[in-house]
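Read the structure below first, then the notes.
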Amino acid sequence: MIRLIREEPSIDEALQRLRRRRVGAISVFIGIVRGETGGRIVEALEIEAYEEMAVKEMERIRGEALERFNVEEVVILHRIGRLKVGETILVILVAAAHRDEAFKACRYVLEELKRRVPLWKREITSEGATWMEGEGA
Amino acid sequence: MRVRILYFARLRETLGIDEEMIELLEGARVETLMRILKNHHQALRGLKLLVAVNAEYVPLNRELKEGDVVALFPPVSGG
Chain A
1 MIRLIREEPS IDEALQRLRR RRVGAISVFI GIVRGETGGR IVEALEIEAY
51 EEMAVKEMER IRGEALERFN VEEVVILHRI GRLKVGETIL VILVAAAHRD
101 EAFKACRYVL EELKRRVPLW KREITSEGAT WMEGEGA
Chain B
138 MRVRILYFAR LRETLGIDEE MIELLEGARV ETLMRILKNH HQALRGLKLL
188 VAVNAEYVPL NRELKEGDVV ALFPPVSGG
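First to last, the protein sequences are chains A and B. At position 12 of the first sequence (counting the first as 1) the number is 12 in the numbering used here, and the numbers step up by one without a gap. The numbering used here runs 137 ahead of the 1-based position in the second sequence.
Structure below.
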């Protein structure tokens, strides 16, 4: 399951989908909005997406994870829009038979997402708004 | 032929537009389009840009077709 979402996600609900016969381990990564950056207080975070491509790119990463690692399912939920401090930016869930593959695939999905998926964060601080830019694909 | 260009994030703000249409000669490649756009928009010069055609990353020698949607954007920062 791959989704761009505008509201706080229900992680429990996503987890329920992954309790399957062959699943013995689920790794979870949750990214949240930090309240400070380089000594400045963050008031909010805005996330812009090229929505059509972001969904396709996340689907491609999910497909790669399923192919490369021995995992049963991958869920990626990414917020867009304006977020408050402490809110959830990203949830990655990976279900596998055993822990090792679940952890490895989760890390793979996270790093590829940060490198490739067309999403941009902008931090809103008391000193104004600053676009964050990654290393690039 | 005509292609549609989309701009995102800081690029969209710097240029003050989120999209435009560009007329190209048949068989033009992404690199040709980039040269044309950098001539039109000084702000694009010297920036690190990522390029996608029809919602997929492509190499600069990719040939464009009528109606292609080309997206230009800065390095991504999701997650």
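Cβ atoms here follow ideal geometry from the backbone N, Cα and C, with glycine treated the same way. Just so you know, these numbers come straight off a predicted model, no measurement behind them.
Limits of the unbroken beta strand (DSSP E) element including residue i
i: glycine 31 of chain A; result: 25–32
i: alanine 96 of chain A; result: 88–96
i: glutamate 157 of chain B; result: 156–160
i: lysine 121 of chain A; result: 119–125
i: alanine 208 of chain B; result: 206–210
i: isoleucine 11 of chain A; result: First-last for isoleucine 11 of chain A: 11–16, but that is the alpha helix (DSSP H), not the beta strand (DSSP E).
i: leucine 83 of chain A; result: 81–84
Cβ-Cβ distance between residue i and residue j below 9 Å
i: glutamate 48 of chain A; j: tryptophan 120 of chain A; result: yes
i: leucine 18 of chain A; j: glutamate 72 of chain A; result: yes
i: valine 221 of chain B; j: glutamate 133 of chain A; result: Since the first and last residues shown for chain B are 138 and 216, residue 221 of chain B lies out of range.
i: serine 126 of chain A; j: isoleucine 5 of chain A; result: no
i: glutamate 112 of chain A; j: leucine 45 of chain A; result: no
i: isoleucine 61 of chain A; j: isoleucine 76 of chain A; result: yes
i: leucine 209 of chain B; j: valine 188 of chain B; result: yes
i: leucine 170 of chain B; j: leucine 152 of chain B; result: no
i: valine 28 of chain A; j: leucine 93 of chain A; result: yes
i: valine 117 of chain A; j: proline 9 of chain A; result: no
Other residues of its chain near residue i: CB distance less than 8 Å, five sequence neighbours each side excluded
i: glutamate 96 of chain B; result: No answer is possible for residue 96 of chain B: the residues shown for chain B start at 138 and end at 216.
i: aspartate 205 of chain B; result: Val140, Arg141, Val190 and Asn191
Cβ-based burial, residue i [other Cβ within 10 Å; buried from 16]
i: alanine 14 of chain A; result: buried
i: methionine 53 of chain A; result: buried
i: glutamate 101 of chain A; result: buried
Neighbourhood of residue i by C-beta, 7 Å cutoff - its chain only, sequence neighbours within 5 removed
i: glycine 99 of chain A; result: The question names glycine, but residue 99 of chain A in the sequence shown is arginine. Only Ala25 meet the Cβ criterion.
i: arginine 3 of chain A; result: Leu77
i: alanine 146 of chain B; result: Phe210 and Pro211
Limits of the alpha helix (DSSP H) - the one that residue i falls within
i: valine 109 of chain A; result: 99–116
i: isoleucine 173 of chain B; result: 167–177
i: alanine 65 of chain A; result: 51–68
i: glutamate 150 of chain B; result: 146–152
Closer than 8 Å: residue i CB and nearest the ligand HEM heavy atom
i: glutamate 123 of chain A; result: Among the ligands in the structure shown, none appear at all, so the ligand HEM cannot be discussed.
Cutoff 6 Å; reference residue i; Cβ partners in own chain excluding five residues on either side
i: alanine 95 of chain A; result: Leu18, Val23, Ile26, Glu72 and Glu73
i: aspartate 155 of chain B; result: Tyr144 and Arg149
i: leucine 201 of chain B; result: Val140 and Ala165
i: valine 207 of chain B; result: Val140, Ile142 and Val190
i: glutamine 16 of chain A; result: none
i: tyrosine 108 of chain A; result: Ala65
Whole-Å CB distance - residue i paired with residue j, under 8 Å assumed
i: asparagine 191 of chain B; j: glutamate 168 of chain B; result: Actually they do not touch by this definition, with Cβ atoms about 17 Å apart.
i: leucine 174 of chain B; j: proline 211 of chain B; result: The pair is not a contact, with the Cβ atoms about 14 Å apart (cut-off 8 Å).
i: isoleucine 32 of chain A; j: glycine 86 of chain A; result: 6 Å
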